[in-house]
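Numbering (the numbering used here), first residue to last: 207 to 465. Note that the Cβ used here is the ideal one computed from N, Cα and C, for glycine as well. Owing to the predicted nature of the structure, the values given are computational and were not obtained by experimental measurement. Take a look at the structure below.
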């Protein structure tokens, strides 16, 4: 719904949507040519080749140079298969062709709805690498997805929406960081937890999935390592603990529901 409003496909009941600093509803013709979009599964002509699908859309856009068509085929790794009929394409190839269509006008902003939808593991990795490459090349990529593990690997910034309300907008690194918590791998986790819980800074030390989860003195990992070594618990590893984005999402939405 958010994407459809942003693209001017449906009108919001209240408020307004701005893209690239411009109100979409009042300046649609000005802003939308600067945007490429793929909403749900791409609508493709299966009896045409990938190249002819691109040509058909290029004609609707008012003409796109053949050099640009070649460029987008290269970007989405369909060069060499562009003359095959689309009905012979795998799901991943169809998704990449849909992305090529969205890139035809060389947009500043790319809006994608569930870009990994229906892809097998190999296709998901291909799409992930492709989107990272586009972002590294200077494009802003806006993704809507319920596959939060992919969002965590691809995105740098996340907005969490629940029942039409924005709950949180923050960098992914900030959301997943468990402040002051460390995961420690040692041979004797129970003994370590018992020792840690005698310290005022580590009352809530515990074991989880074979690791000891604990705060550190003054929140610094090096001070925790020093303490472990002094107490005879030489660690195999000490690393800052992170939450999964899925855990963050569930925590925020459950907190909202409880109000």
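{"Query": "Rounded separation between residue 397 and residue 378 - CA only", "Result": "34 Å"}
{"Query": "Residue span of the beta strand (DSSP E) that contains residue 355, given as start and end", "Result": "Element bounds for residue 355: not the beta strand (DSSP E) but the alpha helix (DSSP H), 354-360."}
{"Query": "Assigned secondary structure, residue 455 (DSSP; H/G/I helix, E/B strand, else coil)", "Result": "helix"}
{"Query": "Beta bridge counterpart(s) of residue 417 as assigned by DSSP", "Result": "414"}
{"Query": "Closest by C-alpha distance to residue 394, when choosing among 408, 383, 406, 412", "Result": "412"}
{"Query": "Euclidean distance between Cα positions of residue 285 and residue 279", "Result": "5 Å"}
{"Query": "Assigned secondary structure, residue 435 (DSSP; H/G/I helix, E/B strand, else coil)", "Result": "helix"}
{"Query": "Bridge partners - residue 242, DSSP secondary structure assignment", "Result": "316"}
{"Query": "Touching by the beta-carbon criterion (3+ pairs, under 8 Å), the region 303-314 and the region 358-371", "Result": "no"}
{"Query": "Own chain residues within Cβ distance below 8 Å of residue 387, not counting five before or after", "Result": "419, 420, 421, 446, 447"}
{"Query": "Per-residue DSSP class, three states only, for residue 190", "Result": "With the chain running from 207 to 465 in the structure shown, residue 190 is simply not present."}
{"Query": "Spatial distance of residue 243 from residue 415 (CA atoms)", "Result": "42 Å"}
{"Query": "Straight-line Cα distance separating residue 318 from residue 444", "Result": "38 Å"}
{"Query": "N-terminal and C-terminal residue of the beta strand (DSSP E) that residue 334 is part of", "Result": "Taken as a continuous stretch (DSSP letters only), residue 334 belongs to no beta strand (DSSP E), being part of the alpha helix (DSSP H) at 327-342."}
{"Query": "Outcome for residue 239 when other beta-carbon atoms lying within 10 angstroms are tallied against a minimum of 16", "Result": "exposed"}
{"Query": "Buried versus exposed, by CB contacts within 10 Å (16 or more), residue 269", "Result": "exposed"}
{"Query": "Residue 403 (DSSP reduced to helix, strand or coil)", "Result": "coil"}
{"Query": "Whole-angstrom C-beta distance between residue 381 and residue 454, which should lie under 8 Å", "Result": "5 Å"}
{"Query": "Inter-residue CB distance, residue 442 and residue 392 (contact presumed, cutoff 8 Å)", "Result": "7 Å"}
{"Query": "Three-state class that DSSP yields for residue 349 in the structure shown", "Result": "strand"}
{"Query": "Bounding residues of the alpha helix (DSSP H) (the contiguous stretch that carries residue 223)", "Result": "Looking at the DSSP string, residue 223 is not in any alpha helix (DSSP H), and its letter there is neither H nor E."}
{"Query": "Own chain, CB closer than 6 Å to residue 356, minus 5 neighbours either side, in chain order", "Result": "322"}
{"Query": "Residue 342 versus 281, 353, 352, residue with shortest Cα-Cα distance", "Result": "281"}
{"Query": "For residue 248: DSSP bridge partner residues", "Result": "Note: residue 248 sits in no beta bridge, so no partner."}
{"Query": "Short Cβ contact (8 Å threshold) for residue 358 with residue 451", "Result": "yes"}
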